[in-house]
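Residue numbers (the numbering used here), protein chains in the order written: chain E, 1 to 305; chain U, 306 to 610. Even glycine gets a Cβ: it sits at the ideal position worked out from N, Cα and C. Below is one structure, written out as structure tokens; the observations come after it.
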């Protein structure tokens with residue numbers, strides 16, 4: 001019997017060199033698909049679609065497999081190099097300074113969806129080119145729950161395609177800066193409402209980093225979920241994808257989002273982000289357990305009670 | 306029978322000229338004592354200690370009186386001018402650009418506490434010179450509940466006196482920027498914990514504007530209360546004092562803060578701040594009712610549920 005994932009995820013696979021005031025880590029495991037999949041793996045079976053070169057260390061694929069992530073959708077291109085990103089967070093823990101981006105094999109990425117991945121109930125489109133997000137969305141068919149993330153880069157460079165993705169999405173993730181940029185609106189509440197009005201997804205989840213997250217639903221529905229009080233922010237890279245992983249993991253266990261469960265889903269996302277940032281790369285996920293995640297979700301419930 | 310206030314409040318009384326993208330309002334009613342007292346007046350009897358010149362319009366004192374605020378502690382100095390401040394919020398709705406500060410009669414303010422005000426259960430020290438806050442605190446005696454606010458200006462100019470006030474205070478209000486500046490610590494959670502460790506008040510309430518508020522208590526107790534989703538921020542002047550007014554109004558009705566009621570108290574503060582910013586000066590408080598406030602507190606309860 002072939003593996004049918006709960007979530008089919010497509011996104012970047014990277015080797016990151018990251019500098020924070022806690023030091024520099026070279027060529028460590030990164031990329032939106034990695035952060036998302038590792039995060040979601042605690043609650044869901046994930047099928048990962050991505051691309052790497054043959055320089056991608058075997059220990060990384062082993063780690064992903066050890067977390068139950070299916071790699072049939074991971075393409076390894078012989079003789080090619082994996083996407084590399086380097087950046088630092090020395091001035092502001094909320095915003096990276098990019099030093100260097102080498103797209104390498106990611107530049108010509110064409111996601112191929114394994115047959116059994118098409119049966120997944122949920123599709124997560126991490127921040128890849130909107131035109132590729134669109135292609136995957138169409139290939140997956142209309143019955144799956146379509147969730148997308150984006151990044152500021154595409155808001156400027158591929159806005160038309162991005163809007164088409166948003167029109168098709170059931171759930172949209174964005175961060176505060178992206179929402180402001182996309183709507184040209186400094187007030188976040190107005191920005192969120194404008195996006196809801198324009199694209200009418202079921203939910204828009206606005207991530208605000210240390211200030212938590214806002215949920216926008218239809219008919220003016222709004223929720224605000226505070227961040228977990230975290231003192232030690234070692235490396236924020238991938239926090240947004242880890243947040244999405246927590247939310248979609250919750251969906252895999254509890255069904256689609258609705259006005260009654262969306263706050264709880266966002267708490268799972270918040271919990272995953274709060275663990276992730278306490279170490280470089282995905283290191284904080286190595287020894288994490290669902291029990292520890294649920295303990296933190298309980299703390300988050302109490303936090304604003 | 307003489308009037309005994311629930312709260313004795315001391316702070317500035319001002320005529321403000323404020324410019325936001327909604328326009329300019331000249332010489333409108335302002336000052337920390339005014340915002341605080343008006344806000345608290347919906348739940349508590351307030352005795353106000355402040356100073357104005359004889360240019361202070363009678364309609365302003367009438368408005369305060371109409372809200373049940375006792376003005377026996379308001380000194381009117383003949384031939385002198387009221388404190389004037391002018392500023393704008395054109396670039397950032399969270400931070401004022403000060404154009405001009407004319408202290409006038411406020412420069413030589415020496416708070417005098419009417420005899421019956423000394424019987425108030427709660428003392429609120431709005432942002433006046435820390436040495437004056439200290440003097441009032443000592444005169445009020447040790448049995449009253451001592452709550453203080455501050456402003457960034459005094460962190461730089463009167464740090465030693467400010468620290469003495471903090472040492473005596475039961476509850477400290479600060480905004481996020483002030484907490485970061487005071488502790489030289491970019492992480493707000495760490496900043497809050499440092500202030501708790503150093504001064505050991507019962508509670509530290511950290512105001513984060515559009516991102517809500519954090520509560521720090523003893524033994525690592527933390528709560529996070531989101532802001533009310535407000536699209537129309539017309540004039541943020543006095544939002545912090547109005548927040549304090551909501552919290553202390555709650556205290557007047559429900560007794561001192563404790564770990565079980567502090568979140569609810571902060572919701573009252575949040576509600577008052579959210580009303581205030583929708584109009585210039587204290588205009589949003591003119592037609593406000595306790596019923597409307599409680600409706601908003603209920604919405605805030607739901608917001609993070």
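Legend entry - Assigned exposure category for residue 515(U) - 16 Cβ within 10 Å defines buried: On the second chain, position 210 is the one that residue 515(U) refers to. Buried is the call here.
Inset, instruction - Could you name the residues of chain E that residue 536(U) contacts, counting a contact when the two beta carbons are closer than 7 Å? - result: To locate residue 536(U), count along the second chain from 1; it is residue 231. Correct list: 187, 189 and 190.
Inset, instruction - Compare the beta carbon distance of residue 511(U) and residue 493(U) with 8 Å and say whether it is the shorter of the two. - result: As a working mapping, residue 511(U) is identified with position 206 in the second chain. As a working mapping, residue 493(U) is identified with position 188 in the second chain. Cβ distance < 8 Å, so residue 511(U) and residue 493(U) count as in contact.
Legend entry - Rounded C-alpha distance that separates residue 598(U) from residue 576(U): Position 293 of the second chain, counted from the first residue, corresponds to residue 598(U). Position 271 of the second chain, counted from the first residue, corresponds to residue 576(U). If I take the Cα positions, the gap works out to 6 Å.
Legend entry - Separation of residue 155(E) from residue 149(E), as counted between CA atoms: Here residue 149(E) refers to the residue found at position 149 of the first chain. Here residue 155(E) refers to the residue found at position 155 of the first chain. Using only the alpha carbons, I get a separation of about 12 Å.
Inset, instruction - Determine the DSSP secondary structure at residue 313(U), reduced to helix, strand or coil. - result: Looking up residue 313(U) in the second chain gives position 8. Three-state result, residue 313(U): strand.
Legend entry - chain E within 8 Å of residue 517(U), Cβ atoms only: Locating residue 517(U) in the second chain gives position 212, where the first residue counts as 1. Answer yes: the Cβ-Cβ gap between residue 517(U) and chain E drops below 8 Å somewhere.
Legend entry - Identity of the residue in 365(U), 457(U) and 580(U) nearest residue 489(U) by Cα: For the purposes of this step, residue 489(U) is taken as the residue at position 184 of the second chain. Residue 489(U) has its Cα closest to that of 457(U), out of 365(U), 457(U) and 580(U).
Legend entry - Any C-beta of chain U under 8 Å from that of residue 304(E): Looking up residue 304(E) in the first chain gives position 304. Yes, contact with chain U.
Legend entry - DSSP-derived helix/strand/coil call for residue 41(E): What you label residue 41(E) is simply residue 41 of the first chain in a count that begins at 1. Residue state, collapsed to three classes: coil.
Inset, instruction - Return yes when the Cβ of residue 317(U) is within less than 8 Å of the Cβ of residue 431(U), no when it is not. - result: Within the second chain, numbered from 1, the residue matching residue 431(U) stands at position 126. Within the second chain, numbered from 1, the residue matching residue 317(U) stands at position 12. Against a cut-off of 8 Å, the Cβ pair of residue 317(U) and residue 431(U) comes out as a contact.
Legend entry - residue 224(E) - partner residues in DSSP beta bridges: Stepping through the first chain from its first residue, residue 224(E) is reached at position 224. For residue 224(E), which the question treats as bridged, DSSP gives the partners 214(E).
Inset, instruction - Alpha carbon to alpha carbon, how far is residue 441(U) from residue 352(U)? Give it in angstroms, no decimals. - result: As a position in the second chain, residue 352(U) is number 47, starting the count at 1. As a position in the second chain, residue 441(U) is number 136, starting the count at 1. Going by the C-alpha atoms only, they are around 14 Å apart.
Legend entry - Which of helix, strand or coil DSSP assigns to residue 49(E): Counted from its first residue, the first chain places residue 49(E) at position 49. Here residue 49(E) sits in strand by DSSP.
Legend entry - Span separating the alpha-carbon of residue 308(E) from that of residue 478(U): The displayed coordinates of chain E run from 1 to 305. Any statement about residue 308(E) would go beyond what the structure contains.
Inset, instruction - Alpha carbon to alpha carbon, how far is residue 421(U) from residue 466(U)? Give it in angstroms, no decimals. - result: Along the second chain, one-based indexing puts residue 466(U) at 161. Along the second chain, one-based indexing puts residue 421(U) at 116. Distance between the alpha carbons of residue 466(U) and residue 421(U): 27 Å.
Inset, instruction - Write down the C-beta distance between residue 200(E) and residue 230(E) rounded to the nearest angstrom, noting that I regard them as a contact closer than 8 Å. - result: Walking along the first chain from the start, residue 200(E) turns up at place 200. Walking along the first chain from the start, residue 230(E) turns up at place 230. Not really, about 34 Å apart at Cβ, beyond 8 Å.
Inset, instruction - Under 8 Å by Cβ, that's how I've got residue 124(E) and residue 248(E) pegged, so tell me the actual separation to the nearest angstrom. - result: Start at 1 with the first residue of the first chain, and residue 124(E) comes out as number 124. Start at 1 with the first residue of the first chain, and residue 248(E) comes out as number 248. Indeed, because the Cβ distance is near 6 Å, the residues count as touching under 8 Å.
Legend entry - Neighbour-count burial assignment, residue 607(U), 16 or more Cβ in a 10 Å radius: Locating residue 607(U) in the second chain gives position 302, where the first residue counts as 1. Result: exposed.
Legend entry - Coarse secondary structure for residue 467(U), derived from DSSP in three states: In the second chain, counting from the first residue as 1, residue 467(U) sits at position 162. Three-state DSSP puts residue 467(U) in a helix.
Legend entry - Local conformation of residue 26(E) per DSSP, three classes: Residue numbering aside, residue 26(E) sits at position 26 when the first chain is read from its first letter. In this structure, residue 26(E) counts as strand in the three-state DSSP scheme.
Inset, instruction - Give every residue of the same chain whose Cβ lies closer than 8 Å to the Cβ of residue 71(E), excluding the five residues on either side of it in the sequence, and list them in chain order. - result: Your numbering for residue 71(E) matches position 71 in the first chain. So the list reads 48, 61, 64 and 65, once near-sequence residues are dropped.
Inset, instruction - Output yes if chain E places a C-beta closer than 8 Å to the C-beta of residue 542(U); else output no. - result: Within the second chain, the letter at position 237 stands for residue 542(U). No, residue 542(U) does not count as interfacial toward chain E.
Legend entry - Residues of its chain near residue 26(E), where Cβ-Cβ distance is below 7 Å and the 5 sequence neighbours each way are ignored: The sequence position of residue 26(E) within the first chain is 26, counting from 1. Around residue 26(E): 17.
Legend entry - Sequence-distant residues of the same chain with beta carbon closer than 8 Å to residue 259(E), five excluded per side: Within the first chain, numbered from 1, the residue matching residue 259(E) stands at position 259. Counting only Cβ-Cβ distances below 8 Å, and skipping sequence neighbours, we find 217 and 221.
Inset, instruction - Note down, in chain order, every chain E residue with its Cβ under 7 Å from the Cβ of residue 469(U). - result: In the second chain, counting from the first residue as 1, residue 469(U) sits at position 164. The premise fails here: residue 469(U) is roughly 28 Å from chain E at the closest Cβ pair, so nothing lies under 7 Å.
Legend entry - Contact list for residue 224(E) against chain U, beta-carbon separation under 8 Å: On the first chain, residue 224(E) is found 224 positions in, with the first residue counted as 1. Within chain U, the residues near residue 224(E) are 517, 531, 532, 534, 608 and 609.
Inset, instruction - For the alpha helix (DSSP H) containing residue 86(E), list its first residue and its last residue. - result: Reading the first chain from its first residue, position 86 is the one you call residue 86(E). Segment 83-88 is the beta strand (DSSP E) holding residue 86(E); no alpha helix (DSSP H) there.
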